[in-house]
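Everything on this sheet refers to the single structure shown next.
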Amino acid sequence: MPFDFVIWQIGSGIKAPLTDLKMCHEAKVFLMYCWSFNPLDRKLFSELLQLLKTMPRITLRRSPSVPLCKSFESIF
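Per the working numbering, the sequence shown starts with residue 11, numbered consecutively.
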């Protein structure tokens, strides 16, 4: 889709479809609250903060902060 067409859509209040986004339903609802064309229809920051606090959390897979084995230099 051409860049200028996307800008025109946004300026006209046309929202991008959220069907292709891989996120939970609550996150999509959160985005819709932020994207309301009329500023008076948008949630207040305090309301958005409460929504963020109630969203389901996922456990991220991370590498350990401490190495599991010693480096070659530390052995010698």
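Ideal Cβ placement from N, Cα and C applies to all residues, glycine included. Every value quoted in this text rests on a predicted model; they were computed, and no experiment measured them.
| Query | Result |
| --- | --- |
| Output yes or no for whether 8 Å exceeds the beta carbon distance between Lys38 and Leu31. | yes |
| Using three-state DSSP, classify Gly23 as helix, strand or coil. | coil |
| Is DSSP giving Asp30 helix, strand or coil here? | coil |
| In the structure shown, what three-state DSSP assignment does Thr69 receive? | coil |
| Leaving aside the five residues before and after Glu45 along the sequence, list all residues of the same chain whose C-beta is less than 7 Å from its C-beta, in chain order. | This sequence places Trp at residue 45; Glu is not what is there. Closer than 7 Å at the Cβ level, and outside the excluded window around Trp45, lie Lys25. |
| Taking just the CA atoms, how far does Lys63 sit from Asn48? | 25 Å |
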